[in-house]
Amino acid sequence: MAKEITVNLISGRTIQQGVAIEGGKEKPLYRTACGIIEMDNEDLKKLGAWKSTNVRVTSDHGSVIVKAIEATQGPHPGVAFIPMGPWANSVVDPNTYSTGMPTFKGTPVKIEVAINEPILLGIELVQKQCGVKVG
Amino acid sequence: MTKTVTDVICPFCGTLCDDLEVVVSDDGKQLLEVYNACVIGTEKFLHSQAKDRVTRPRLRQADGTWKEISYDEAADYTAQMLAKAKKPLMYGWSSTNCEAQSVGNEIAEISRACCDNTAAVCHGTTLIAVQDIGLPTCTLGEVKNRADRVIFWGCNPAHAHPRHMSRYSIFPRGFFTGKGQMSRKLIVIDPRVTDTAKMADVHLQIEQGKDYELLNALRVALKGEWLPDVVAGIPKEKIREAADMMKSGRFGIIFFGMGVTQSIGKNHNIDEAIAVTKDLNEYTKFSIMPMRGHYNVTGSGEVFAWQFGFPYSVDLTRGFARYNPGDTSSIDLLNRGEVDAMFTIGSDPGAHFPISAVKHIANVPSVCIDPHLTPTSGVSKLHVPVAFNGVETGGNCYRMDNVPIDCRKVVEPPAGMLTDEQFLVMVRDRLKKLKGAA
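One line per chain: the protein sequences are A and B, in this order.
When you line the first sequence up against numbering that gives the first Met the number 0, it's residues 0 to 134, in that order.
When you line the second sequence up against numbering that gives the first Met the number 0, it's residues 0 to 437, in that order.
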């Protein structure tokens with residue numbers, strides 16, 4: 000049982016993400032839809048994590064807490080998926096290699112179990128990272 | 000009594016479905032039901048009726064609380080912010096109509112702004128590739144009526160464009176595709192076994208980030224030349240099977256998405272995909288089309304292109320339009336800390352830009368024009384809620400195949416709310432006075 004594993008992170012749309020962004024990004028449903036990381040069963044076993052465990056995802060560009068769930072569109076061992084949104088964008092590679100386009104797909108990340116850490120709401124997560132004072 | 004509005008356009012994705020039916024109250028003030036739309040489109044229409052919707056502009060105070068202000072005060076604030084800034088960034092535009100985009104371009108010209116649309120994080124690299132080598136494309140009508148080979152490369156329409164397959168690409172019975180799905184062969188290239196891939200005749204589960212290699216191998220296979228045993232995680236037999244399937248069709252179409260545009264290789268992946276299309280035209284008829292995301296991101300590119308000559312990443316700071324992605328593109332401008340004011344409309348960079356770029360938005364004067372509460376409104380100094388385009392106001396939009404379609408207004412916005420265009424006109428007129436422009 001490893002304490003942390005390294006996987007290749009990609010992000011993208013899901014239909015639940017689409018419904019959540021139109022339903023209101025301030026709502027908990029947005030977190031349910033996008034504050035997750037879809038992992039292959041094999042990778043969950045390697046990490047020694049149960050399904051629906053909170054995990055910390057860390058890359059060279061940042062760190063975020065999300066819920067690890069079993070891949071809904073797998074198998075894809077070695078690849079993990081966070082739906083597009085502020086959770087994924089806390090860790091993706093912002094380098095555009097002079098094209099204007101960040102590297103949203105293909106960021107190496109470390110995953111470790113963080114069972115007691117809370118997953119923040121979408122707007123809250125961005126405000127906290129940007130140091131915005133909220134009244 | 001209620002009334003039903005027919006032939007309503009859905010303002011969610013680039014498919015721009017035009018067959019929705021919306022039930023509204025007799026006085027036209029309440030939207031009650033939505034028919035024919037996908038679950039996302041339905042949510043968009045219904046969310047316009049939310050009771051907790053913000054209906055007046057709000058200015059962030061020093062203690063972090065919001066203070067409600069009038070649209071006049073909001074327009075004053077926005078105009079002054081743009082007038083003072085040396086290098087403002089005007090970003091978004093993809094969830095508003097072409098009329099508003101055009102007024103926005105006037106504002107950008109007066110304030111000498113950098114302007115960019117959501118292609119920056121979507122199909123920007125596609126636009127670079129199209130400028131490199133062109134684009135043999137067609138309309139979705141031709142796909143429906145003719146296509147018997149459909150390739151989805153790095154896109155997942157089952158989730159991102161939910162009615163694309165039923166209206167155009169897989170299931171509909173067209174003029175030359177009378178048996179619907181039975182008339183078509185479907186090839187999906189994706190590193191995950193997506194819900195789209197599950198329907199495919201051939202799924203190539205590519206190693207992530209190896210799109211260029213596989214596209215190149217397909218070109219080799221089309222010519223019947225030597226291939227290594229495995230390319231991008233796919234055995235050569237499977238590559239040849241896909242190549243033969245593509246060649247044997249009468250009319251083929253490659254749809255491609257973020258899997259190609261955002262992975263390493265970027266515009267060069269698209270170059271190669273277009274080259275595959277060109278090669279296939281030596282054997283049969285083939286087209287290629289980007290799966291555009293926002294419902295009017297295509298329109299924003301069109302409006303930028305006809306007014307400034309470039310489809311995105313336009314820099315007007317020198318008084319004329321310059322275009323140099325990597326230099327004049329939003330993410331790079333923000334990451335280098337060059338922007339001194341941020342104007343966002345019809346998009347949510349707060350949620351969809353890498354956090355390093357969002358941090359810079361939070362550090363400069365900023366205005367967010369959006370009917371929703373979003374991470375962008377959450378880090379902006381001024382939030383201006385407006386009427387929902389395509390629901391509470393009409394206007395022109397472009398479908399992913401560059402076909403312009405007029406959206407329809409189906410319901411009245413809450414009393415006293417302005418549309419994007421009305422608010423932008425107020426800002427433009429004030430800015431003209433501040434800058435002494437004619």
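From the three backbone atoms N, C-alpha and C, an ideal C-beta is built for every residue, glycine too.
Note that the coordinates shown come from a computational prediction; the quantities given were computed from them, not determined experimentally.
_Bridge partners - residue 65(B), DSSP secondary structure assignment_ = 59(B)
*Mind listing which residues of the segment 1-12 of chain A have their C-beta closer than 7 Å to chain B's C-betas, in chain order?*
Of all residues in the segment 1-12 of chain A, only 7, 9, 11, 12 place a beta-carbon less than 7 Å from a beta-carbon of chain B.
*Could you tell me if residue 98(B) is buried or exposed, where buried requires 16 or more neighbouring beta carbons within 10 angstroms of its beta carbon?*
buried
*Below 8 Å, can you find three or more Cβ-Cβ pairs linking the segment 113-121 of chain A to the segment 21-35 of chain A?*
yes
_If you measure between the beta carbons of residue 330(B) and residue 120(B), is that distance less than 9 Å?_
yes
*Relative to the C-alpha of residue 147(B), which residue among 250(B), 227(B), 196(B) is closest?*
250(B)
*Can you grab the Cα-Cα spacing for the pair residue 42(A) / residue 69(A), in whole Å?*
9 Å
*Please go through the same chain and pick out, in chain order, the residues whose beta-carbon is closer than 7 Å to the beta-carbon of residue 6(B), but skip the five residues on each side of it.*
17, 18
_Local conformation of residue 472(B) per DSSP, three classes_ = What the structure shows of chain B is the stretch from 0 to 437, and residue 472(B) is not part of that stretch, so it cannot be assessed.
*Have a look at 297(B), 333(B), 41(B) and flag the residue whose alpha-carbon is nearest the alpha-carbon of residue 363(B).*
333(B)
*Three or more C-beta pairs closer than 8 Å, one from the segment 229-242 of chain B and one from the segment 252-259 of chain B: is that the case here?*
no
_Separation of residue 225(B) from residue 20(A), as counted between CA atoms_ = Using only the alpha carbons, I get a separation of about 47 Å.
_At a CB distance below 9 Å, what residues from the segment 109-130 of chain A approach chain B? Give them in sequence order._
121, 122, 123, 124, 125, 126, 128, 129, 130
_Where residue 405(B) falls: helix, strand or coil (DSSP)_ = Note: residue 405(B) maps to strand in three-state DSSP.
*Run the CB neighbour count on residue 1(B), radius 10 Å, all protein chains shown included, and call it buried at 16 or more, exposed below.*
exposed
*Starting from residue 314(B), follow its DSSP beta bridges and name the residues at the other end.*
Beta-bridge pairing links residue 314(B) to 113(B), 321(B).
*asked:* Using only the alpha-carbon positions, how far apart do residue 307(B) and residue 96(B) sit?
replied: 17 Å
*Counting Cβ pairs, one atom from each stretch, are 3 or more of them under 8 Å apart for the segment 399-407 of chain B and the segment 287-305 of chain B?*
yes
*Which of the residues in the segment 364-382 of chain B, read from start to end, lie with their CB under 7 Å from any CB of chain A?*
Flagged, chain order: 371, 372, 373, 374, 377, 378.
*asked:* Quick check on the DSSP output: what are the complete alpha helix (DSSP H) runs of length 4 or more inside the segment 176-216 of chain B, in order along the chain?
replied: none
*Could you say if the segment 45-59 of chain A and the segment 109-116 of chain A meet the contact criterion of at least three C-beta pairs nearer than 8 Å?*
yes
*Per DSSP, residue 109(A) is paired with what?*
5(A), 57(A)
*Do you know offhand how far residue 394(B)'s Cα is from residue 126(A)'s?*
33 Å
*DSSP beta-bridge partners for residue 448(B)?*
In the structure displayed, chain B extends from 0 to 437; residue 448(B) sits before or after that span and is not available.
*Touching or not, the segment 349-369 of chain B and the segment 100-111 of chain B, by the rule of three or more beta carbon pairs under 8 Å?*
The way I'd put it, the segment 349-369 of chain B doesn't touch the segment 100-111 of chain B; fewer than three beta-carbon pairs between them come closer than 8 Å.
*Going straight from the alpha carbon of residue 102(A) to that of residue 9(A), what length do you get?*
Answer to the nearest angstrom: the Cα atoms are 9 Å apart.
*Between 40(B), 66(B), 344(B), 74(B), which lies nearest to residue 422(B) when the distance is taken from Cα to Cα?*
74(B)
*Quick one: Cα of residue 373(B) to Cα of residue 17(A), how far?*
14 Å
*asked:* Quick check: what's the CA-CA separation for residue 145(B) versus residue 342(B)?
replied: 43 Å
*Please list the partners that residue 192(B) has in chain A, where partner means a Cβ-to-Cβ separation under 9 Å.*
70, 72, 73, 74, 75
*Determine which residues of the segment 141-172 of chain B have a Cβ less than 8 Å from any Cβ of chain A, and write them out in chain order.*
155, 157, 158, 159, 161
*Listed from N- to C-terminal order along the chain, which residues in the segment 83-104 of chain A have their beta-carbon within a distance smaller than 7 Å of any beta-carbon of chain B?*
83, 84, 85, 88, 89, 91, 93, 95, 96, 97, 98, 99, 100, 101, 102, 103, 104
_First through last residue of the alpha helix (DSSP H) which encompasses residue 356(B)_ = 354-362
*Note the first and the last residue of the continuous alpha helix (DSSP H) segment covering residue 74(B).*
70-83
*Within chain A, the residues that residue 207(B) reaches when beta carbons sit closer than 9 Å*: 7, 9, 75, 77, 78, 104, 105
*asked:* By alpha-carbon positions, which one of 2(A), 91(A), 38(A) ends up nearest to residue 47(A)?
replied: Residue 47(A) has its Cα closest to that of 2(A), out of 2(A), 91(A), 38(A).
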